[in-house]
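First residue of the sequence shown? That's 37 in our numbering, and the numbers climb one at a time after it.
Data first, discussion second: the structure below is written as structure tokens.
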Amino acid sequence: FVFGKKRATDVAHMVWKHIIQKGDTVIDATCGNGFDTLALLNLVADDSHNGYVYALDIQKDALDKTSLLLEESLNSNQVRTIKKQLVKLFNICHSKMEEVVQRNASIRLVAFNLGYLPGGDKEIKTRSETTLMALEAAKRILIPGGLISIVVYVGHPGGREELEAVETFAATLSVENWICCKLQMLNRPCAPIPIFLFQR
Ligand code: SAM
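Shown next, in the form of structure tokens:
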């Protein structure tokens with residue numbers, strides 16, 4: 037586990053591997069350019085397992101980019117067709133995730149990669165109020181043993197405030213049911229911060 041040489045998102049992906057099982061259903065609450073969605077898809081699905089990824093974003097542009105990345109990254113036509121059906125894309129605020137996720141779905145992981153779309157409009161970014169609503173929704177639909185994974189960016193206006201909101205949310209989760217931790221680079225004060233909320 038060489039945290040020092042990894043980006044925050046790589047660290048998150050490494051943790052996901054220990055939680056997600058083939059055939060699981062998971063949510064990418066901020067699909068952006070699609071890198072997390074693709075990583076999640078490869079963890080839930082293979083030739084013999086149909087896991088599902090719900091990929092949400094408030095920007096249509098992000099959903100198009102995610103679709104394109106999936107098309108370019110999956111190798112054969114057959115795999116492409118199978119795997120694309122396993123990703124359900126929704127142009128919706130993540131605070132409304134319960135409106136699109138199947139009622140009886142067992143959600144093992146909800147991933148948030150906060151902030152703005154790299155290469156896009158920096159003003160369209162996650163905001164504390166809706167992030168908190170989405171975290172509450174994630175908490176309601178997660179199965180025991182599941183994980184809420186959050187990468188928080190503090191280098192842009194509003195980022196630190198959002199970090200505080202996420203930390204306050206995490207700090208109020210019950211000790212009996214949750215293990216909450218964050219990984220902070222002490223010598224890089226503006227580095228993105230992965231936060232993991234493990235449900236027991
Ligand atoms: N996970 C992405 C990837 O792998 O490329 C990167 C995500 S990017 C840092 C943050 C994304 O969150 C942006 O695409 C932005 O449009 C989206 N976003 C902002 N507010 C949102 C909201 N309320 N609900 C869902 N997505 C939101």
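Idealized CB from N, CA, C, for every residue including glycine.
Does the beta-carbon of residue i, which I'm using as the reference point, lie nearer than 6 Å to any heavy atom of ligand 1?
{"i": "leucine 92", "result": "yes"}
{"i": "arginine 69", "result": "A small fix is needed here, since residue 69 is asparagine in this sequence, not arginine. Yes, ligand 1 has a heavy atom inside 6 Å of this Cβ."}
{"i": "threonine 66", "result": "yes"}
{"i": "leucine 168", "result": "no"}
{"i": "alanine 48", "result": "no"}
{"i": "histidine 130", "result": "yes"}
{"i": "glycine 181", "result": "no"}
{"i": "aspartate 157", "result": "no"}
{"i": "leucine 153", "result": "yes"}
{"i": "alanine 98", "result": "yes"}
{"i": "asparagine 78", "result": "no"}
{"i": "glutamine 95", "result": "yes"}
{"i": "isoleucine 186", "result": "no"}
{"i": "threonine 162", "result": "yes"}
Under a three-way DSSP split, which group does residue i fall into?
{"i": "leucine 76", "result": "helix"}
{"i": "valine 245", "result": "Given a span of 37 to 236 for the chain in the structure shown, any question on residue 245 remains unanswerable."}
{"i": "phenylalanine 37", "result": "For phenylalanine 37, the predicted structure reports a pLDDT of 47, less than 50, and the residue's modelled location is therefore unreliable. The matter cannot be settled from this model."}
{"i": "leucine 110", "result": "coil"}
{"i": "lysine 161", "result": "strand"}
{"i": "leucine 178", "result": "strand"}
{"i": "aspartate 83", "result": "coil"}
With respect to the beta strand (DSSP E) encompassing residue i, which residues constitute its N-terminal and C-terminal limits?
{"i": "aspartate 64", "result": "61-64"}
{"i": "leucine 233", "result": "229-235"}
{"i": "isoleucine 215", "result": "214-218"}
{"i": "valine 146", "result": "143-149"}
Note the first and the last residue of the continuous alpha helix (DSSP H) segment covering residue i.
{"i": "isoleucine 118", "result": "113-121"}
{"i": "isoleucine 55", "result": "44-55"}
{"i": "aspartate 93", "result": "No alpha helix (DSSP H) holds aspartate 93; the beta strand (DSSP E) holding it covers 88-93."}
{"i": "isoleucine 128", "result": "Element bounds for isoleucine 128: n/a, residue is neither H nor E."}
{"i": "threonine 204", "result": "195-207"}
Am I right that residue i and residue j are in contact with their C-beta atoms under 8 Å? What's the rounded C-beta distance?
{"i": "glycine 194", "j": "lysine 161", "result": "7 Å"}
{"i": "tyrosine 90", "j": "lysine 124", "result": "5 Å"}
{"i": "alanine 48", "j": "proline 225", "result": "About 20 Å separates the two Cβ atoms, so there is no contact after all."}
{"i": "leucine 183", "j": "isoleucine 63", "result": "So it is not a contact: roughly 11 Å between Cβ atoms."}
{"i": "leucine 199", "j": "leucine 233", "result": "That pair is no contact at about 14 Å."}
{"i": "glutamine 235", "j": "glycine 156", "result": "At roughly 32 Å, the Cβ-Cβ gap does not stay under 8 Å, so glutamine 235 and glycine 156 are not in contact."}
{"i": "leucine 74", "j": "leucine 106", "result": "6 Å"}
{"i": "isoleucine 179", "j": "isoleucine 215", "result": "At roughly 15 Å, the Cβ-Cβ gap does not stay under 8 Å, so isoleucine 179 and isoleucine 215 are not in contact."}
{"i": "valine 284", "j": "proline 228", "result": "Here the chain covers residues 37 to 236 and nothing more, so residue 284 does not appear."}
{"i": "asparagine 29", "j": "aspartate 93", "result": "No information on residue 29 is available, as it lies outside the stretch 37 to 236 that the chain covers here."}
Taking only beta-carbon positions, decide if residue i is within less than 7 Å of chain C.
{"i": "glycine 87", "result": "The chain inventory of the structure shown lacks chain C, comprising one protein chain alone."}
What residues are listed by DSSP as bridge partners for residue i?
{"i": "leucine 183", "result": "Leu145 and Phe234"}
Is it the case that the CB of residue i approaches a heavy atom of ligand 3 more closely than 6 Å?
{"i": "glutamine 235", "result": "As for ligand 3, it is missing from this structure, which binds only ligand 1."}
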